[in-house]
Amino acid sequence: MLKQLLVVTFSLASTNAFANVSVPVTGTVESKCVLATDTVGIYGNPLPNTLSTDPIDGGVIPIVRYDVLQANFYKAKITYPNTFSESPDLVDVVNWTGDVTVGEVSDATMSGYDTSKIEYNNVTEVDLTIAGSTWFKIESEAEYGYDRAFPAGTYRTVVTAECIAL
Amino acid sequence: MLSFSYCYSDETVYGSTNNAASAALNWTMANILPQQAGLTVNGVVYRYTTVKNPEDNLVVYVQNKDALGDGYVFREKDDWTGLPGNVIRKIVPVNNININRWGDGSIETEGFGTVQDASVVYTYQYDPCFQANSPGCPGYVDPLAVNITEVEVVDPLDYDYIQQEMDRKATLKDQEQEDRDRKRIRAEMKSINDRLEKALSIGNNALMIAEAQVKEAQLFAMAQIPSSYEIELLGGEYEESIIIKDSKLPDNKKMFRNNLIQQILHEELVNSQYKNKK
Numbered sequence: 287m288l289k290q291l292l293v294v295t296f297s298l299a300s301t302n303a304f305a306n307v308s309v310p311v312t313g314t315v316e317s318k319c320v321l322a323t324d325t326v327g328i329y330g331n332p333l334p335n336t337l338s339t340d341p342i343d344g345g346v347i348p349i350v351r352y353d354v355l356q357a358n359f360y361k362a363k364i365t366y367p368n369t370f371s372e373s374p375d376l377v378d379v380v381n382w383t384g385d386v387t388v389g390e391v392s393d394a395t396m397s398g399y400d401t402s403k404i405e406y407n408n409v410t411e412v413d414l415t416i417a418g419s420t421w422f423k424i425e426s427e428a429e430y431g432y433d434r435a436f437p438a439g440t441y442r443t444v445v446t447a448e449c450i451a452l
Numbered sequence: 015m016l017s018f019s020y021c022y023s024d025e026t027v028y029g030s031t032n033n034a035a036s037a038a039l040n041w042t043m044a045n046i047l048p049q050q051a052g053l054t055v056n057g058v059v060y061r062y063t064t065v066k067n068p069e070d071n072l073v074v075y076v077q078n079k080d081a082l083g084d085g086y087v088f089r090e091k092d093d094w095t096g097l098p099g100n101v102i103r104k105i106v107p108v109n110n111i112n113i114n115r116w117g118d119g120s121i122e123t124e125g126f127g128t129v130q131d132a133s134v135v136y137t138y139q140y141d142p143c144f145q146a147n148s149p150g151c152p153g154y155v156d157p158l159a160v161n162i163t164e165v166e167v168v169d170p171l172d173y174d175y176i177q178q179e180m181d182r183k184a185t186l187k188d189q190e191q192e193d194r195d196r197k198r199i200r201a202e203m204k205s206i207n208d209r210l211e212k213a214l215s216i217g218n219n220a221l222m223i224a225e226a227q228v229k230e231a232q233l234f235a236m237a238q239i240p241s242s243y244e245i246e247l248l249g250g251e252y253e254e255s256i257i258i259k260d261s262k263l264p265d266n267k268k269m270f271r272n273n274l275i276q277q278i279l280h281e282e283l284v285n286s287q288y289k290n291k292k
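Each protein sequence line maps, in turn, to chains A and B.
Taking my numbering, the leading residue of the first sequence gets 287, the next gets one more, and so forth.
Taking my numbering, the leading residue of the second sequence gets 15, the next gets one more, and so forth.
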């Protein structure tokens, strides 16, 4: 039976060998995961050798919002800084620390992202298993050398947030 | 204190309430929603923070009782059981539920944990003309207004024949006015002429006096006029200076004779007529 079917198929293909037509098919995929910067971070300078986004240190914690329209299709990958994108010349080592936490949720279950998240190096990954909005707070702190004062100047760094399709 | 934010779109008013849970986790909707007939709530936006141990059970309800029956007109459940506490933000659409059904609201918890920094805001909409015969709405009739039958007002000035008659009268008036103006101008001209003549006559008299004086001087120079011409007569009474010396005037015999002859002739003439009749 499977063979017959194959023969018939071949026969039809043979009769139309000189009448091919190509029909284009196009489609647009829009991501169902949307990222938005909720709050821009600011470093405070509580000590000469410390830059910190902690409000207690005079900083502002940057916040990124993930809007997921479809659950279980995306994961959040957030990287806290480990280098300055702009700074005066530094002659010593900068020690970086940071943390990514769930700040606010649109569904109580999202609060579980804090326990289910995977952390490595300066990267945090979270499977976005619930549709809705999640606000992630990215804390960052930089210490210069061994109790060494940062040179005066402007310091900039970048937090990277990605929404990766699973 | 009630405070609302709203905007108009066509005739429908959209707005949102203040935070219903700002003072407490229970609230009366009459103090939250504007008491507008036909108002419907189309969404609830809430936010709160749970403080709990992750291993504890906690369920939070954000809800409103159904004012027209048992149960709830709105109830949203957040199950925090086994989860760490966090901040939750939620926008819950509702299907335009009428204001009459929105009973008292509250945030209730079951289990272990607390709710802090709660905010509940209702979004609503209403038609300002929902209520029949509302002021400012189409077809509004003031119930206090006296019912006066509308009378069609006809302006007589709109009729052609009245307008023509008025035009004709206006033309006549214009003509009369022209006549009056003409008479007035004529009278003024006459007055001006009279005054001019007077002025000229005064000038002529002066000229004439001057000419007479010249002529008089010429006549005197020619000795044609006696010198007494210019002598002034003295005033006063001039009495009779002739006196008759005789005291008796004698009869005039000639005149007497003459008178007698004339009398005789007269009588003869009269008698002659009778003689002819005999």
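In this text, a Cβ means the ideal position worked out from N, Cα and C, and glycines have one as well.
C-beta neighbour in chain B for residue i, strict 7 Å
i, result
"A:G344", "no"
"A:A394", "yes"
"A:V391", "yes"
"A:S402", "no"
"A:G313", "no"
"A:L288", "Its pLDDT being 34, under 50, A:L288 is placed unreliably by the model, and nothing is read from it."
"A:G398", "yes"
Below-7 Å beta-carbon distance, residue i vs any chain A residue
i, result
"B:P107", "no"
"B:W116", "no"
"B:R89", "no"
"B:L97", "yes"
"B:D93", "yes"
"B:I121", "no"
"B:S79", "First, the residue type needs correcting, since residue 79 of chain B is Lys and not Ser in the sequence shown. Cβ-Cβ to chain A under 7 Å: no for B:K79."
"B:N110", "no"
"B:V101", "yes"
"B:K104", "yes"
Segment limits, alpha helix (DSSP H) that includes residue i
i, result
"A:S402", "Y399 to S402"
Three-way DSSP call (helix, strand, coil) for residue i in this model
i, result
"A:L337", "strand"
"B:S242", "helix"
"B:E25", "coil"
"B:F88", "strand"
"B:Y138", "strand"
"B:K183", "helix"
"A:A322", "strand"
"A:M287", "Only weak support is given to the placement of A:M287: the predicted model assigns it a pLDDT of 35, under 50, and the value that follows is read from those uncertain coordinates. Residue state, collapsed to three classes: coil."
"B:Q49", "coil"
"B:A235", "helix"
"B:D93", "strand"
"A:V293", "With a pLDDT of 39 at A:V293, under the threshold of 50, the modelled position of that residue is not reliable, and the figure given next carries that caveat. Reduced to three states, the DSSP call for A:V293 is helix."
"B:Y154", "coil"
"B:S148", "coil"
"B:A3", "The displayed coordinates of chain B run from 15 to 292. Any statement about residue 3 of chain B would go beyond what the structure contains."
"A:V380", "strand"
"A:Y430", "strand"
"B:P4", "This structure cannot speak to residue 4 of chain B, because chain B is shown only from 15 to 292."
"A:K306", "According to the sequence as given, residue 306 of chain A is Asn; it is not Lys. Three-state result, A:N306: coil."
"B:L247", "coil"
"B:L283", "helix"
"A:F436", "coil"
Paired residues, beta bridge with residue i - DSSP
i, result
"A:A362", "A:V412 and A:C449"
"A:F422", "A:V350 and A:V388"
"B:W41", "B:G119"
"B:G125", "B:L72"
"A:R442", "A:E372"
"B:D80", "B:W116"
"A:G330", "A:S338"
"A:E405", "A:T410"
Beta strand (DSSP E) segment containing residue i, residue limits
i, result
"B:C143", "Careful: B:C143 lies outside any beta strand (DSSP E) and carries neither H nor E."
"B:P107", "V101 to N112"
"B:Y60", "T54 to V65"
| With a cut-off of 8 Å, do at least 3 Cβ pairs link the region 165-178 of chain B to the region 65-85 of chain B? | The region 165-178 of chain B vs the region 65-85 of chain B: no contact.
| said: Under 8 Å: do the region 89-100 of chain B and the region 136-156 of chain B share three or more Cβ pairs, one atom per stretch? | reply: They do not touch, by the three-pair rule.
| Cβ contact check for the region 111-119 of chain B and the region 73-87 of chain B: 3 or more pairs under 8 Å | Contact between the region 111-119 of chain B and the region 73-87 of chain B is established, with three or more Cβ pairs separated by less than 8 Å.
| message | Closer than 8 Å is the cut-off here; do at least three beta carbon pairs connect the region 409-427 of chain A with the region 121-133 of chain B? | response | No, they do not touch.
| task | State whether the region 339-352 of chain A contacts the region 420-427 of chain A, with contact taken as three or more CB pairs (one from each stretch) at a distance under 8 Å. | result | Short answer: they touch.
| said: Taking contact to mean 3 or more Cβ pairs, one atom from each stretch, closer than 8 Å, check whether the region 364-373 of chain A and the region 402-409 of chain A are in contact. | reply: Contact holds between the region 364-373 of chain A and the region 402-409 of chain A, because three or more Cβ pairs, one in each stretch, are under 8 Å apart.
| Given 8 Å as the limit, is there contact between the region 384-395 of chain A and the region 37-54 of chain B, that is, 3 or more CB pairs closer than that? | Segments in contact, no.
| query | So does the region 367-387 of chain A actually touch the region 429-436 of chain A, counting three or more Cβ pairs closer than 8 Å? | reply | Enough Cβ pairs lie closer than 8 Å, so yes.
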